[in-house]
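Here the numbering used here is used: the first residue of the sequence shown is 173, the next is one more, and so on. Glycine included, C-beta positions come from ideal geometry on N, C-alpha and C. The next block holds one structure in the form of structure tokens; read it before the comments.
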Amino acid sequence: MTRQRTPVEQDAFQAWVYARNCLLYENDPGPAELNVGTAQEPHLVPRSLAWQQGYAMNVLVKCDGDHTRLLAAARECQAEAIRRTPASPHRAREWTRAADLCNLAAAMVEGAGGHRDDKARQRVVASCRHETMMMALGSIPAVAETSAQELIEQLAVIDAEPADPEPAFGSGRPPDDASASPLIEQELENAAAGLPDIDREPLIDRAAIAELVACADQVAWAPDRDRWHELIHRLSGRRLYRRYRTRRTRLPDDVPWTDVPSFNRPTWRTRTAYLAGAFAFAVDYQVCRTCGLGWVEDPYTEPVFQRSGLARTALTALRSDYPGLSWHTLGGHSRQAVPFWDAVGAAVPGGYTQRRPCPHIETG
């Protein structure tokens, strides 16, 4: 007979479900930084942090902004991570990320004053519910408008309610006490120091990397999305089927290089390298044979694999697969990246200089 989970275990389990999805998005090929602001007021943060913030809001809503529940769930997740580490480091990593999400959600509640003021807690829950809806379906105008209107109405109801005579949460510390937060960054770092660093992959030997570089021409290809996916995508104004765009094709687990439809840019593809199943490198690319042009964007190499020639080799392989094209990038090159692009673009038609896309392709 299966034992029923306690409320704390159920909260921790829900956080783990979110954490698994969060790690998938964190590890997707793409830019190292994401814009969590607006087009008018951009705010770039590291990719992993952006997804953690998004999923932490889901955890916050699931726990109704209850600071005590969130901290209890964080402790349960951390304990589960410790239990899982010897037998399954991968699963332990998921539980560690779940603890991170719970702690981050609790910090959001604290930042809004929701750990000592119930009206503040209700406001942050309503705001996070709106934000999670916008992240999932905000590209649909009707959904965005409805969610925004519901948020306005919810905040009006909250503000109309009489204030509680006593704080609903917290330990009674004065609001201006800088030590009131139990989630001081240094304390979190100290707590995490007791766990194995399962997020960091062990150092890979250079011989294995050299073999990966040498087999860059051994690529497993996944087909583009189904035609009916493409039709729905275009009829919906490119809102639907943006993330899942491929046929249900499973590539072998042991292939070193893959070429699949990009998850970030419609109609683009992603060339990815793996070493013993670990993600090593990825770059988005697109070609237009009509115009004789090719573009690459956002080449990214995991730190442990950097300075091993993966990026240069991948770009060379792409030029071999699509001969006779002039190669460019969509964006300009940062000052730190100029030497790299100068080196890989030498004697290459186009030289990986910045060029606007032709009318035949989408940029995503």
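| Asked | Found |
| --- | --- |
| Terminal residues of the alpha helix (DSSP H) in which Y190 lies | P179 to E198 |
| Distance between beta carbons of G503 and E469, contact taken as under 8 Å | 7 Å |
| Where the beta strand (DSSP E) containing Q326 begins and where it ends | Where Q326 is concerned, there is no enclosing beta strand (DSSP E), although the alpha helix (DSSP H) it sits in stretches over P313 to A332. |
| Status (buried if at least 16 other CB within 10 Å, exposed otherwise) for Q224 | buried |
| Stretch pair the stretch 300-309 + the stretch 264-274: three plus CB contacts closer than 8 Å | no |
| Supposed contact pair A445 and P428 - C-beta distance, whole angstroms, cut 8 Å | 6 Å |
| Neighbour-count burial assignment, G496, 16 or more Cβ in a 10 Å radius | exposed |
| With 16 other Cβ atoms within 10 Å as the buried cut-off, status of V510 | exposed |
| Q115 burial status per 10 Å Cβ neighbour count (16 or more: buried) | Absent from the structure is residue 115, since the part of the chain shown begins at 173 and ends at 536. |
| Coil, strand or helix - N230 by DSSP | helix |
| Simplified DSSP state of D289, which is helix, strand or coil | coil |
| Nearest-angstrom beta carbon gap, T462 and H532 [assumed within contact, 8 Å] | 6 Å |
| Which listed residue (V231, R175, V315 and L216) has its alpha carbon closest to that of R192 | V231 |
| Cβ contact (3+ pairs, closer than 8 Å) linking the stretch 236-255 and the stretch 179-188 | yes |
| Chain-order list of residues whose beta-carbon lies under 6 Å from that of I381 (same chain, five-residue window excluded) | S480 |
| First and last residue of the uninterrupted beta strand (DSSP E) at N207 | E205 to N207 |
| Residues sharing a beta bridge with E469, DSSP | D456 |
| Proximity below 9 Å, CB of L487 to CB of C530 | no |
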